[in-house]
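Enquirer: The following block contains the structure, expressed as structure tokens.
Number of protein chains: 2
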Amino acid sequence: MPSKVRIALDAMGGDVGAPVVIPGAAISLGRHPETEFLLVGDRARIEPELDRHPKLKAASRIVHTDVAVSMEDKPSQALRRGRKTSSMWLAIDAVKKGEADVAISAGNTGALMAMARFHLRTLPGIDRPAIAGIWPTMRGESVVLDLGATIGGDAHHVVSLAVMGAAMASVLFSKPRPTVGLLNIGTEEIKGHEEIREAGEILRAMNLPGLDYIGFVEGDGIGKGLADVIVTEGFSGNIALKAAEGTARQMAELLRNEMQRSWMSKLGYLFARGAFQALRNKMDPNKSNGGMFLGLRGVVVKSHGGINAEGFAYAIDVGYEMVKFDLLNKINQMLNRDGGGLSSVQPAPEDVS
Amino acid sequence: MPSKVRIALDAMGGDVGAPVVIPGAAISLGRHPETEFLLVGDRARIEPELDRHPKLKAASRIVHTDVAVSMEDKPSQALRRGRKTSSMWLAIDAVKKGEADVAISAGNTGALMAMARFHLRTLPGIDRPAIAGIWPTMRGESVVLDLGATIGGDAHHVVSLAVMGAAMASVLFSKPRPTVGLLNIGTEEIKGHEEIREAGEILRAMNLPGLDYIGFVEGDGIGKGLADVIVTEGFSGNIALKAAEGTARQMAELLRNEMQRSWMSKLGYLFARGAFQALRNKMDPNKSNGGMFLGLRGVVVKSHGGINAEGFAYAIDVGYEMVKFDLLNKINQMLNRDGGGLSSVQPAPEDVS
Chain Z
1 MPSKVRIALD AMGGDVGAPV VIPGAAISLG RHPETEFLLV GDRARIEPEL
51 DRHPKLKAAS RIVHTDVAVS MEDKPSQALR RGRKTSSMWL AIDAVKKGEA
101 DVAISAGNTG ALMAMARFHL RTLPGIDRPA IAGIWPTMRG ESVVLDLGAT
151 IGGDAHHVVS LAVMGAAMAS VLFSKPRPTV GLLNIGTEEI KGHEEIREAG
201 EILRAMNLPG LDYIGFVEGD GIGKGLADVI VTEGFSGNIA LKAAEGTARQ
251 MAELLRNEMQ RSWMSKLGYL FARGAFQALR NKMDPNKSNG GMFLGLRGVV
301 VKSHGGINAE GFAYAIDVGY EMVKFDLLNK INQMLNRDGG GLSSVQPAPE
351 DVS
Chain L
1 MPSKVRIALD AMGGDVGAPV VIPGAAISLG RHPETEFLLV GDRARIEPEL
51 DRHPKLKAAS RIVHTDVAVS MEDKPSQALR RGRKTSSMWL AIDAVKKGEA
101 DVAISAGNTG ALMAMARFHL RTLPGIDRPA IAGIWPTMRG ESVVLDLGAT
151 IGGDAHHVVS LAVMGAAMAS VLFSKPRPTV GLLNIGTEEI KGHEEIREAG
201 EILRAMNLPG LDYIGFVEGD GIGKGLADVI VTEGFSGNIA LKAAEGTARQ
251 MAELLRNEMQ RSWMSKLGYL FARGAFQALR NKMDPNKSNG GMFLGLRGVV
301 VKSHGGINAE GFAYAIDVGY EMVKFDLLNK INQMLNRDGG GLSSVQPAPE
351 DVS
């Protein structure tokens, strides 16, 4: 466990850049004083922000560049234009060179994934990376992956998602053996895609010490908190996340509109303000901010682009915990110890040895 | 347009059966007096319920059977055991024989789809049926399909979903040319599965008179009401629906818990009760009850199993409207006029004529 956690921040990422990134870093530093920051971006925009946070200034070093990856760039464009020069690339580069333990950006997701994958490469045994998110549930929080890094994939890809998600959940929730469910459209064994059924059989057969496979979970089981880790390929994971976010926003807006409609309900709102605030806190997307890139030889966290400083601080917190509690080694251990078997264990072995 | 709408009800379907189905029919009859009912199920359980609703009794005929499909039966079991004898089969059989215009059941979804497909067969030009639902949005309601009848499928399957969904939306929302979006994980053309991109190109190339194709829609676009019809294959459609339902339930429960926590918030609840009721009404799953089976040579509606009489009445209403406004002919017309081109129009034609 390293004594200091060294965090590289893309200070030009997101809708706002430095005015959100720097105050966010200051908030997170307040919670974890044993942090050092590498602030990558335009010095002229970083310094005025930094002057308002002397403690952060003392714990930070600026890496200057004025090249930013735009939110509109396609991944290939970003790689072509921003490689070796952009704030996003240089933050990842600091991880690659061992100058930082984690890189965090609120920039263009596709570009960040493309650069991270290109520069850091995937872990041994992992073909395709994943994005994992933290989902608020009735029981607390769950890790959900893949949220859109990789579309499709065979049973072994799904199994590797389960292993990586379990490693992340064990760090986040301090559970040595988190429960893992596979997202499916029915809980009966006969339903769903072939690769999900096969992944379920592999997980059951392997009976890994680092995760407790509980079977299939339907879409409404995520919010119920039926498992610490919910695994699905990137297309359906992204659809589930966005559909849930959309519904939460829709209900909040409907409630707000209804509360404005009469003096009675306005009065009610005044009395119940604390309850509404508590609901907002529990469903606050800022608080579950921080998409982990999993499967790379380095820790990279993606923050929402349209987040405020408090939300960005949560993304930093996630990165901090992943480093402090050694996520990469945990994943590697599981992949090597348990995952050494990933390719050898088959649901129906046919090879003659 | 038929003068009477003849509705066959599976009076043994759902968690409760006749005690929900019969009062539900009575409610719907109150809204549409020009309805006739065929009540299929155990006469001994139907008659006592019917005695409480003399108007319904006058508009109904009982088809007796004491064979029910269980909620736990797999589709193949249900077909084997319940064919020609079960209330579910006989309700579908009434449609097949032309004795009813629509069959409605709150029973086992997989069994209902298997029986309907087996007995009614699919429409010409349709290989695989779909389930369409009505989704409450910020703008009103949208039709979303497929909610889980068919997993996967090629671009032409997705296009046929768009055509059938548009026909349903034109009936439900009285719009001659409803807007149609394809569910995807990014709005840029480069993202998503190959078959979704190809379906988008076909829809754009065909420029059908019965639907207005607007492009890709992400998961949170459903609740925003970005299109009258949202199209996706059955796996992701089911995941989206369940994730959204789960989130709505989760928020409602959180809010209820928070409102109980202090006397201030309890008082607030009393004042704002009307607002909460309005929210509940808008997000009430009972009100969007009624999954349409599309692509069959007959109209079949699936009600939720755990619904109350009011909710079952909504499912009947949906069936009623589909018959009254001639959904089947609309779909057939679109498939023949427009869809005659479904197989001939290709995004990149290569045939030499």
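Residue numbers (full-length UniProt numbering), protein chains in the order written: chain Z, 1 to 353; chain L, 1 to 353.
Ideal Cβ positions, reconstructed from N, Cα and C, are used throughout, including at glycine.
Look up residue 136 (chain Z) in the DSSP assignment and say whether it is helix, strand or coil.
Expert: For this step, residue 136 (chain Z) is matched to residue 136 along the first sequence. Correct three-state label for residue 136 (chain Z): strand.
Enquirer: With a threshold of 8 Å between beta carbons, is residue 250 (chain L) in contact with chain Z?
Expert: The sequence position of residue 250 (chain L) within the second sequence is 250, counting from 1. Residue 250 (chain L) counts as touching chain Z.
Enquirer: Is the beta carbon of residue 41 (chain Z) closer than 8 Å to that of residue 18 (chain Z)?
Expert: Against the first sequence, residue 18 (chain Z) aligns to sequence position 18. Against the first sequence, residue 41 (chain Z) aligns to sequence position 41. Closer than 8 Å, so yes.
Enquirer: Of all the CB atoms in chain Z, is at least one closer than 8 Å to the CB of residue 222 (chain L)?
Expert: Reading the second sequence from its first residue, position 222 is the one you call residue 222 (chain L). Taking Cβ atoms only, chain Z reaches closer than 8 Å to residue 222 (chain L), which makes this a yes.
Enquirer: Show which residues of chain L have a CB atom less than 7 Å away from the CB atom of residue 242 (chain Z).
Expert: The residue labelled residue 242 (chain Z) in the question sits at position 242 within the first sequence. The answer, in chain order, is 218, 219, 220.
Enquirer: Step through the CB atoms of chain Z and report whether any lies within less than 8 Å of the CB of residue 265 (chain L).
Expert: Taking the first residue of the second sequence as position 1, residue 265 (chain L) is located at position 265. Yes, its Cβ sits closer than 8 Å to a Cβ of chain Z.
Enquirer: Ignore the nearest five residues each way along the sequence and tell me which others in residue 143 (chain L)'s own chain have a CB closer than 7 Å to its CB.
Expert: Residue numbering aside, residue 143 (chain L) sits at position 143 when the second sequence is read from its first letter. Contacts found: 132, 134, 165, 168, 169, 172, 228, 229.
Enquirer: Only counting runs of 3 or more residues, tell me where the beta strand (DSSP E) segments fall wholly within the segment 241 to 288 of chain L, in order along the chain.
Expert: none
Enquirer: Please state the DSSP three-state secondary structure of residue 208 (chain Z).
Expert: As a first step, residue 208 (chain Z) is located in the first sequence; it is residue number 208 there, counting from the start. Three-state DSSP puts residue 208 (chain Z) in coil, outside helix and strand.
Enquirer: Rounded to the nearest angstrom, what separates residue 265 (chain Z) and residue 271 (chain Z) at their Cα positions?
Expert: Against the first sequence, residue 265 (chain Z) aligns to sequence position 265. Against the first sequence, residue 271 (chain Z) aligns to sequence position 271. Here the alpha carbon of residue 265 (chain Z) sits roughly 10 Å from the alpha carbon of residue 271 (chain Z).
Enquirer: Any Cβ of chain Z within less than 8 Å of the Cβ of residue 247 (chain L)?
Expert: Numbered from 1 along the second sequence, position 247 holds the residue referred to as residue 247 (chain L). Yes, residue 247 (chain L) lies at the interface with chain Z (some Cβ there is under 8 Å from its Cβ).
Enquirer: Smallest Cα separation from residue 44 (chain L): which of L:62, L:54, L:37, L:34?
Expert: Here residue 44 (chain L) refers to the residue found at position 44 of the second sequence. For residue 44 (chain L), the nearest C-alpha among the options comes from L:62.
Enquirer: Using beta carbons (cut-off 8 Å, strictly below), is residue 198 (chain Z) in contact with chain L?
Expert: As a working mapping, residue 198 (chain Z) is identified with position 198 in the first sequence. False, the Cβ-Cβ gap to chain L never drops below 8 Å.
Enquirer: Grouping DSSP H, G and I as helix and E and B as strand, with all else coil, what is residue 122 (chain L)?
Expert: In the second sequence, residue 122 (chain L) corresponds to position 122, counting from 1. Three-state result, residue 122 (chain L): strand.
Enquirer: Excluding sequence positions up to five away, which residues of its chain have a Cβ less than 8 Å from the Cβ of residue 297 (chain Z)?
Expert: As a working note, residue 297 (chain Z) is residue 297 in the first sequence. Only 120, 121, 122, 123, 328 meet the Cβ criterion.
Enquirer: Ordered along the chain, which non-local residues of its own chain (more than five positions away) have a Cβ less than 7 Å from that of residue 50 (chain L)?
Expert: Residue numbering aside, residue 50 (chain L) sits at position 50 when the second sequence is read from its first letter. Only 22, 56, 57, 60 meet the Cβ criterion.
Enquirer: Tell me, please, which residues DSSP counts as bridged to residue 61 (chain Z).
Expert: The sequence position of residue 61 (chain Z) within the first sequence is 61, counting from 1. According to DSSP, residue 61 (chain Z) bridges with Z:38.
Enquirer: Does the segment 112 to 119 of chain Z come into contact with the segment 88 to 100 of chain Z, if we say contact requires no fewer than three beta-carbon pairs (one atom in each stretch) closer than 8 Å?
Expert: yes
Enquirer: Whole angstroms are fine: how far does the CA of residue 153 (chain Z) sit from the CA of residue 336 (chain L)?
Expert: Stepping through the second sequence from its first residue, residue 336 (chain L) is reached at position 336. Stepping through the first sequence from its first residue, residue 153 (chain Z) is reached at position 153. So the alpha carbons of these two residues sit roughly 37 Å apart.
Enquirer: Please determine, among L:215, L:318, L:239, the residue with the shortest C-alpha to C-alpha distance to residue 181 (chain L).
Expert: Your numbering for residue 181 (chain L) matches position 181 in the second sequence. Selected option, being the one with the closest Cα: L:215.
Enquirer: Is the beta carbon of residue 319 (chain Z) sitting closer than 8 Å to the one on residue 102 (chain Z)?
Expert: Against the first sequence, residue 319 (chain Z) aligns to sequence position 319. Against the first sequence, residue 102 (chain Z) aligns to sequence position 102. Going by C-beta atoms, residue 319 (chain Z) is nearer than 8 Å to residue 102 (chain Z).
Enquirer: Beta-carbon within less than 8 Å of residue 71 (chain Z)'s beta-carbon, same chain only, minus the 5 sequence neighbours each way: which residues are those?
Expert: Indexing the first sequence from 1 puts residue 71 (chain Z) at position 71. Excluding positions up to five away in sequence, the list reads 15, 107, 108, 305.
Enquirer: Throw me the rounded Cβ distance for the residue 178 (chain L) and residue 211 (chain L) pair, which I believe falls under 8 Å.
Expert: Position 178 of the second sequence, counted from the first residue, corresponds to residue 178 (chain L). Position 211 of the second sequence, counted from the first residue, corresponds to residue 211 (chain L). The Cβ separation is near 6 Å, so the contact holds.
Enquirer: Taking Cβ-Cβ distances below 8 Å as the criterion, which residues of the segment 144 to 173 of chain Z are in contact with chain L?
Expert: 148, 151, 152
Enquirer: Going by beta carbon distance, what residues of the same chain come within less than 8 Å of residue 235 (chain Z), once the five residues before and after it are set aside?
Expert: Mapped onto the first sequence, residue 235 (chain Z) falls at position 235. Here the set comprises 148, 151, 152.
Enquirer: Got a sec? Which residues, its chain only, sit under 7 Å from residue 355 (chain L) by beta carbon, not counting five neighbours each side?
Expert: Outside the shown range of chain L, which is 1 to 353, sits residue 355 (chain L), and nothing can be said about it.
Enquirer: In three-state DSSP terms, what is residue 185 (chain Z)?
Expert: Taking the first sequence and counting its residues from 1, one reaches residue 185 (chain Z) at position 185. Here residue 185 (chain Z) sits in coil by DSSP.
Enquirer: At least one CB of chain Z closer than 8 Å to the CB of residue 202 (chain L): is that the case?
Expert: Within the second sequence, residue 202 (chain L) is the residue found at index 202, counting from 1. It does not: the Cβ of residue 202 (chain L) has no partner Cβ on chain Z nearer than 8 Å.
Enquirer: What is the residue span of the alpha helix (DSSP H) that residue 95 (chain Z) lies within?
Expert: Here residue 95 (chain Z) refers to the residue found at position 95 when the first sequence is read from its first residue. Note, residue 95 (chain Z): alpha helix (DSSP H), 87 to 96.
Enquirer: Would you please verify whether the beta carbon of residue 308 (chain L) is less than 8 Å from any beta carbon of chain Z?
Expert: One-based indexing of the second sequence puts residue 308 (chain L) at position 308. No, no contact with chain Z.
Enquirer: On the criterion of 16 or more Cβ atoms from any shown chain inside 10 Å, does residue 281 (chain L) qualify as buried, or is it exposed?
Expert: Looking up residue 281 (chain L) in the second sequence gives position 281. Classification for residue 281 (chain L): exposed.
Enquirer: State buried or exposed for residue 174 (chain L), treating a residue as buried only when at least 16 other CB atoms are found within 10 Å of its CB.
Expert: Residue mapping note: residue 174 (chain L) aligns to position 174 of the second sequence, counting from 1. Per the 10 Å Cβ criterion, exposed.
Enquirer: Check each candidate in Z:76, Z:156, Z:176, Z:36 and name the one with the smallest Cα separation from residue 111 (chain Z).
Expert: Start at 1 with the first residue of the first sequence, and residue 111 (chain Z) comes out as number 111. Closest option to residue 111 (chain Z), Cα to Cα, is Z:76.
Enquirer: Straight-line CA distance for residue 194 (chain Z) to residue 231 (chain L)?
Expert: In the first sequence, counting from the first residue as 1, residue 194 (chain Z) sits at position 194. In the second sequence, counting from the first residue as 1, residue 231 (chain L) sits at position 231. Taking the straight line joining both Cα atoms gives about 23 Å.
Enquirer: Per DSSP, what kind of secondary structure is residue 141 (chain L) in: helix, strand or coil?
Expert: Within the second sequence, residue 141 (chain L) is the residue found at index 141, counting from 1. DSSP places residue 141 (chain L) in strand when its eight states are reduced to three.
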